[in-house]
Amino acid sequence: MHDSGRPTVSVVIPVKDDDRELGRCLAALAVQTRRPDEVLVVDNGSSDASAQVARAAGATVIRCEHRGIPAASAAGYDAAKGQIILRLDADCVPASTWVRTMTDAFTRHPGVVAFTGGARFLDGPRRLRTPLAALYLGAYALVLTPTLGHVPLFGSNLAFRASTWRGIRSRVHRADPELHDDIDLSFHLGETGAVRYLRGATMGISMRPFGDAGGFVRRIVRGFRSVLVHWPRDFPPLRWLRLAVTAAAEPRPARPAPRISDGAQPAAR
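Okay, so the sequence shown: first residue is 1 according to full-length UniProt numbering, each after it adds one.
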């Protein structure tokens with residue numbers, strides 16, 4: 001915790017062979033209205049200058065030899081020293097208020113363990129960038145919200161409490177490169193508390209993953225795998241019931257007693 005009372009913040013960026021895009025992302029992080037306390041770039045076996053670009057920008061580079069985004073992301077979370085961990089991809093461009101918006105949300109909502117935000121495309125047909133991103137994320141949420149029992153985390157734009165990560169780090173499927181790490185993280189973080197969508201925390205993302213038909217199909221297959229690996233324990237009706245029971249068992253904050261103004265008498269019963 002800062003002397004000002006603000007929580008400390010770590011930003012984690014997994015990367016593999018994205019040096020140019022990484023440089024753009026780090027430049028956007030350098031002009032944040034609330035600077036992160038550390039930026040961790042997890043190099044997942046890059047053959048380009050990604051590590052050099054990260055160091056030149058003042059980021060800490062972590063080597064992750066185990067192939068796959070789940071392993072790289074988890075390595076970054078493990079190394080993070082901040083109380084709040086933010087995650088985005090190397091080809092993302094956050095708005096200048098992104099870190100502040102995400103961090104302040106945790107202060108305002110102490111019962112929330114994770115937040116996720118929206119996105120807009122940075123490339124592709126200009127007029128279609130925002131509506132296509134809304135369509136993409138809308139479909140993502142439409143499928144996964146009933147599957148999870150809460151909103152899904154979006155890997156290019158998410159944040160969570162480091163204390164919560166320490167409680168689930170041994171349960172995430174970090175060794176499986178054929179999973180979507182954000183879906184896996186959604187399953188595990190959702191067990192510990194509230195996961196919420198945060199308006200105003202929009203992220204610039206690239207349309208590159210959708211330019212390759214084969215790659216897009218692989219993303220869909222990984223999505224199914226990311227869900228099915230949690231079944232039968234997290235089969236939707238079973239998960240909904242478990243989450244409902246957990247929520248009902250949580251102590252509710254005491255309601256404040258009614259205030260009585262000076263000279264007034266409480267109403268007779």
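Glycine included, every Cβ here is placed at the ideal spot set by N, Cα and C.
Quick check on residue i: does DSSP put it in helix, strand or coil?
i: TYR234; result: First, the residue type needs correcting, since residue 234 is Asp and not Tyr in the sequence shown. Of the three classes helix, strand and coil, the one that applies to ASP234 here is coil, per DSSP.
i: LEU189; result: helix
i: ALA59; result: coil
i: VAL227; result: helix
i: ARG87; result: strand
i: GLY263; result: With a pLDDT of 44 at GLY263, under the threshold of 50, the modelled position of this residue cannot be trusted; read the value that follows with caution. Coil, per DSSP.
i: ALA159; result: strand
i: VAL31; result: coil
i: VAL172; result: coil
i: PRO251; result: coil
i: SER47; result: coil
i: ASP182; result: helix
i: residue 358; result: Residue 358 is absent from the structure shown; the chain starts at 1 and stops at 269.
i: PRO36; result: coil
i: PRO177; result: coil
i: GLY214; result: helix
i: ARG269; result: Only weak support exists for where ARG269 lies, its pLDDT of 37 falling under 50; the value from the coordinates is given anyway. In this structure, ARG269 counts as coil in the three-state DSSP scheme.
i: ALA257; result: Confidence at ALA257 is low in this model, with a pLDDT of 48, below 50, so the placement of that residue should be treated as unreliable; the coordinate-derived value is given next. Of the three classes helix, strand and coil, the one that applies to ALA257 here is coil, per DSSP.
Determine which residues share a DSSP beta bridge with residue i and list them.
i: MET203; result: PRO94 and ALA119
i: PRO14; result: VAL42
i: ALA194; result: VAL112
i: VAL151; result: VAL151 pairs with nothing; no bridge assigned.
i: VAL9; result: ILE84
Between the Cα of residue i and the Cα atoms of the options, which residue gives the shortest distance?
i: SER170; options: ASN157, HIS180 and ASP184; result: ASP184
i: ALA28; options: ARG127, ASP89 and PRO236; result: ASP89
i: SER206; options: PRO94, LEU189, VAL113 and GLY190; result: PRO94
i: ALA56; options: LEU40, THR192 and ARG87; result: LEU40
i: ASP43; options: GLY200, PRO146, GLU65 and PHE154; result: GLU65
i: SER186; options: VAL227, PRO131, ALA133 and ALA54; result: VAL227
i: ALA194; options: GLY45, ALA54, PHE115 and THR97; result: PHE115
i: GLU38; options: THR147, ARG108, ALA79 and SER73; result: ALA79
i: GLY204; options: ASP91, LEU243, ALA175 and LEU135; result: ASP91
i: ASP182; options: PRO36, GLY167, THR192 and ALA159; result: ALA159
i: GLY190; options: VAL151, ALA175 and ARG100; result: VAL151
i: VAL221; options: ALA248, ALA54, THR202 and HIS180; result: HIS180
i: THR130; options: ALA247, ALA54 and THR202; result: THR202
i: THR192; options: VAL112, ARG219 and PHE224; result: VAL112
i: SER156; options: ALA175, GLU178, ALA133 and ALA30; result: ALA133
i: HIS173; options: VAL15, ARG225 and ARG100; result: ARG225
i: ARG218; options: PRO177, PRO14 and VAL31; result: PRO177
i: PHE154; options: ILE62, PRO110, TYR136 and ARG233; result: TYR136
i: TRP231; options: PHE216, PRO110, LEU148 and VAL245; result: LEU148
i: ARG100; options: HIS188, VAL61, VAL31 and ARG208; result: VAL31
i: TRP98; options: ARG34, VAL15 and LEU128; result: ARG34
i: ALA75; options: ALA248, PRO36 and VAL15; result: VAL15
(request) Kindly provide the ranges of any beta strand (DSSP E) runs that are 3 or more residues long and lie completely inside the stretch 119-145, ordered along the chain. (result) 119-121
(message) Using a Cβ distance threshold of 8 angstroms, determine whether the stretch 5-22 contacts the stretch 95-111, with at least three qualifying pairs required.
(response) yes
(request) Spell out a yes or no on whether the stretch 20-28 and the stretch 43-56 are touching, meaning 3 or more CB-CB pairs, one atom from each, closer than 8 angstroms. (result) Yes, they touch.
(request) Answer yes if the stretch 155-165 comes into contact with the stretch 76-90, meaning at least three C-beta pairs across the two stretches below 8 angstroms, and no otherwise. (result) Yes: the two stretches touch, three or more of their Cβ pairs being nearer than 8 angstroms.
(message) With three or more C-beta pairs closer than 8 angstroms as the rule, is the stretch 138-152 touching the stretch 63-74?
(response) When Cβ pairs closer than 8 angstroms are counted between the two stretches, the stretch 63-74 is seen not to touch the stretch 138-152, the count staying below three.
(message) Would you call the stretch 117-126 in contact with the stretch 212-226, where contact means no fewer than 3 C-beta pairs closer than 8 angstroms?
(response) Judged by Cβ distances under 8 angstroms, the stretch 117-126 makes no contact with the stretch 212-226, as fewer than three pairs qualify.
(request) Could you say if the stretch 226-244 and the stretch 192-205 meet the contact criterion of at least three C-beta pairs nearer than 8 angstroms? (result) no
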